[in-house]
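Trainee: Okay, here's the structure, questions in a sec.
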Amino acid sequence: MSVTRDTLGIGELSHRAGVPVRTIRFYCDEGILASVRSAGGHRRFEPAAVDRLVLVRRLRALGLGLPAITAVLTGERALADAVAAERAALDVELGALAWRRAALSAVEQADPVARATRLELLAAAGDGRAAHDELVAFWRRFFVNPVGAEWFHLFVEMNVPPPPVDPTPAQVVAYAELVTLARALVGPFQARAHANRHLDEVALLTEVGVACEQVVPLVAAGHPPAPGVELDQFVHAHAGARDRRDTPQFRRDLLIYAGPDRDPRMRRYWTLVGDVTGEQVTVGTWHTWLVDALAVDVGKAAVHPIQ
Numbered sequence: 654m655s656v657t658r659d660t661l662g663i664g665e666l667s668h669r670a671g672v673p674v675r676t677i678r679f680y681c682d683e684g685i686l687a688s689v690r691s692a693g694g695h696r697r698f699e700p701a702a703v704d705r706l707v708l709v710r711r712l713r714a715l716g717l718g719l720p721a722i723t724a725v726l727t728g729e730r731a732l733a734d735a736v737a738a739e740r741a742a743l744d745v746e747l748g749a750l751a752w753r754r755a756a757l758s759a760v761e762q763a764d765p766v767a768r769a770t771r772l773e774l775l776a777a778a779g780d781g782r783a784a785h786d787e788l789v790a791f792w793r794r795f796f797v798n799p800v801g802a803e804w805f806h807l808f809v810e811m812n813v814p815p816p817p818v819d820p821t822p823a824q825v826v827a828y829a830e831l832v833t834l835a836r837a838l839v840g841p842f843q844a845r846a847h848a849n850r851h852l853d854e855v856a857l858l859t860e861v862g863v864a865c866e867q868v869v870p871l872v873a874a875g876h877p878p879a880p881g882v883e884l885d886q887f888v889h890a891h892a893g894a895r896d897r898r899d900t901p902q903f904r905r906d907l908l909i910y911a912g913p914d915r916d917p918r919m920r921r922y923w924t925l926v927g928d929v930t931g932e933q934v935t936v937g938t939w940h941t942w943l944v945d946a947l948a949v950d951v952g953k954a955a956v957h958p959i960q
């Protein structure tokens with residue numbers, strides 16, 4: 654850029670763009686604005702610097718950092734993309750603040766006797782993002798064989814509720830308890846995962862999911878767990894995956910395998926998922942219904958052995 658009569662001095666640029674002189678100097682030093690020196694050593698700017706500086710001022714007012722602004726000015730990133738990224742980052746910050754606010758309210762609202770225990774629970778779980786990551790890690794231990802990222806993402810969506818955007822104190826407490834339960838259940842679930850090392854887990858869980866869907870009307874209608882075609886489908890899925898026949902002995906073995914699902918802590922997990930999401934019935938509720946139906950069936954077979 655050459656110095657001509659059309660160039661602007663730093664004072665005039667400051668006036669036209671509404672940006673302090675010291676800020677313009679800073680932007681020049683950071684490479685955001687280009688300038689040349691006059692014979693007297695003063696900075697001179699092309700008229701286009703006004704629009705450029707106005708854009709910088711407006712983006713700064715929206716909270717964008719200088720690296721993002723520089724990427725927009727150089728054409729490395731579209732303005733819409735830069736703004737969307739900033740908005741997404743702000744959403745994360747607002748989510749963290751909402752979680753903190755609800756957690757503080759949960760401690761404040763607790764009975765004085767239970768306040769220290771609640772504080773310990775919430776502090777151990779961390780913020781919403783950390784708690785969610787830990788729950789995802791818990792369910793990842795469920796698999797010992799590789800599964801596709803898309804399928805695992807679907808599995809997580811069904812078993813791990815996302816932290817509420819604007820949680821209530823009760824939801825934050827419920828979510829923190831989910832983390833505590835997951836930590837306690839790591840051992841039983843890891844032991845069961847080891848038993849699946851030779852199975853096609855995706856195929857198994859897909860068929861189990863079909864059985865769970867068949868149970869939905871029964872659970873919605875309040876029917877207690879009982880043997881039926883739904884349980885038969887559930888057992889068939891497990892028997893097929895293990896290359897075994899559906900026999901009374903297999904059903905007894907399957908009930909032992911399903912022990913972690915009948916653990917009171919696992920039942921509590923699904924109750925808390927409902928507390929967080931507001932759903933009266935969760936995927937875990939359907940699966941637990943089938944496992945309880947299996948227990949009923951095995952119990953009847955024990956009382957009335959096959960002749």
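With the sequence shown counted from 1, adding 653 to any position gets you the numbering used here. Ideal Cβ positions, reconstructed from N, Cα and C, are used throughout, including at glycine.
Drop a sphere of 10 angstroms on the beta-carbon of Gly952, count the other beta-carbons inside from all chains shown, and report buried for 16 or more, exposed for fewer.
Mentor: Looking at its Cβ environment, which holds fewer than 16 other Cβ atoms inside 10 Å, Gly952 is exposed.
Trainee: For the segment 757-790, list the alpha helix (DSSP H) runs that are entirely contained and at least 4 residues long, ordered along the chain.
Mentor: Qualifying alpha helix (DSSP H) stretches, in chain order: 768-778.
Trainee: Which residue's Cα is closest to the Cα of Val741: Ile909, Gly716 and Gly671?
Mentor: With the sequence shown as reference, residue 741 is identified as Ala, and Val is not the correct amino acid for it. Nearest of Ile909, Gly716 and Gly671 to Ala741, Cα basis: Gly716.
Trainee: Provide the residue span of the alpha helix (DSSP H) that contains Arg730, from first to last.
Mentor: Per DSSP, Arg730 belongs to no alpha helix (DSSP H) and is neither H nor E.
Trainee: Determine the extent of the beta strand (DSSP E) in which Arg697 is found, giving its start and end residues.
Mentor: Looking at the DSSP string, the run of the beta strand (DSSP E) that includes Arg697 is Arg696 to Phe698.
Trainee: Mind reading off the beta-carbon distance from Val813 to His847? Whole number of angstroms is fine, and I expect it under 8 Å.
Mentor: Between His847 and Val813 the Cβ distance is about 22 Å, and since that is not below 8 Å, they are no contact.
Trainee: At a threshold of 7 Å, does Val868 count as lining the ligand GTP (C-beta to nearest heavy atom)?
Mentor: Absent from the structure shown: the ligand GTP. Ligands present: none.
Trainee: What residues in its chain sit with their C-beta under 6 Å from that of Val936, if we drop five residues either side in the sequence?
Mentor: So the list reads Met811, once near-sequence residues are dropped.
Trainee: Considering just the uninterrupted stretch of the alpha helix (DSSP H) at Arg678, what are its terminal residues?
Mentor: From DSSP, the alpha helix (DSSP H) with Arg678 extends over Val674 to Asp682.
Trainee: How should Arg771 be labelled, buried or exposed, when 16 other C-beta atoms within 10 angstroms of its C-beta is the threshold for buried?
Mentor: So Arg771 ends up on the buried side.
Trainee: Roughly how many angstroms lie between the CA atoms of Arg713 and Leu719, to the nearest whole one?
Mentor: Going from the Cα of Arg713 to the Cα of Leu719 covers about 8 Å.
Trainee: Can you check whether the CB of Tyr828 is closer than 8 Å to the CB of Ala778?
Mentor: Cβ distance < 8 Å, so Ala778 and Tyr828 count as in contact.
Trainee: Please return the same chain residues whose Cβ sits closer than 8 Å to the Cβ of Leu838, not counting the five positions on each side in sequence.
Mentor: So the qualifying residues of the chain are Phe791, Pro913, Asp916, Arg918, Met919 and Tyr922.
Trainee: Exposed or buried, Arg697, counting other C-beta atoms within 10 Å across all chains shown (16 or more means buried)?
Mentor: By the neighbour-count rule (16 or more Cβ atoms within 10 Å), Arg697 is buried.
Trainee: Within 10 Å of its beta-carbon, does Pro901 have 16 or more other beta-carbons around it, so buried, or fewer, so exposed?
Mentor: The residue is exposed, with fewer than 16 neighbouring Cβ atoms inside 10 Å.
Trainee: Please confirm whether Arg872 and Thr938 have their CB atoms less than 8 Å apart.
Mentor: The residue you asked about is not Arg; residue 872 is Val in the sequence shown. Yes. Within cutoff.
Trainee: Skipping 5 residues on each side, what residues in its chain have a beta carbon closer than 8 Å to that of Val882?
Mentor: Once the five neighbours on either side are set aside, the close Cβ partners of Val882 are Gln867.
Trainee: Only counting the same chain, and skipping five residues up and downstream in sequence, which positions put a Cβ closer than 6 Å to that of Ala763?
Mentor: Result list for Ala763: Arg771, in chain order.
Trainee: For Gln824, which residues of its own chain have a beta-carbon under 6 Å away from its beta-carbon, when the five flanking residues on both sides are left out?
Mentor: Once the five neighbours on either side are set aside, the close Cβ partners of Gln824 are Pro817 and Val929.
Trainee: Would you call the CB atoms of Val680 and Val703 closer than 8 Å?
Mentor: The sequence as given places Tyr at residue 680; Val does not occur at that position. Against a cut-off of 8 Å, the Cβ pair of Val703 and Tyr680 comes out as no contact.
Trainee: Please list, in chain order, all residues of the same chain as Leu884 whose beta carbon is under 7 Å from its beta carbon, the five residues on each side excluded.
Mentor: Counting only Cβ-Cβ distances below 7 Å, and skipping sequence neighbours, we find Leu943, Ala946, Leu947 and Asp950.
Trainee: Which one or two residues does DSSP pair with Leu661 in a beta bridge?
Mentor: BP columns for Leu661 point to Phe698.
Trainee: Nearest to Gly671 by CA position, among Arg690, Arg705, Arg782 and Asp682, is which residue?
Mentor: Cα-wise, what sits closest to Gly671 is Arg705.
Trainee: Note the first and the last residue of the continuous alpha helix (DSSP H) segment covering Glu854.
Mentor: Element bounds for Glu854: Glu854 to Ala873.
Trainee: Under the three-state reduction of DSSP, which class applies to Arg690: helix, strand or coil?
Mentor: Strand, per DSSP.
Trainee: Tell me whether the beta-carbon of Arg794 lies closer than 8 Å to the beta-carbon of Gln843.
Mentor: Yes, these two residues count as a Cβ contact at 8 Å.
Trainee: Are Cys865 and His806 closer than 8 Å when you measure CB to CB?
Mentor: Not in contact: Cys865 and His806 (Cβ atoms no closer than 8 Å).
Trainee: Return helix, strand or coil for Asp819, following the three-state DSSP convention.
Mentor: Correct three-state label for Asp819: coil.
Trainee: With a 10 Å radius around its C-beta and 16 neighbouring C-beta atoms as the bar for buried, classify Ile663 as buried or exposed.
Mentor: Flag for Ile663 reads buried.
Trainee: Going by C-alpha distance, which of Leu726, Ala769, Val826 and Gly728 is nearest Ala755?
Mentor: Answer by Cα proximity: Val826.
Trainee: In whole angstroms, what separates the C-alpha of Glu787 from that of Val766?
Mentor: Taking the straight line joining both Cα atoms gives about 29 Å.
Trainee: How far does the alpha helix (DSSP H) with Pro913 in it reach, from first residue to last?
Mentor: Start and end: Gly912 to Arg915.
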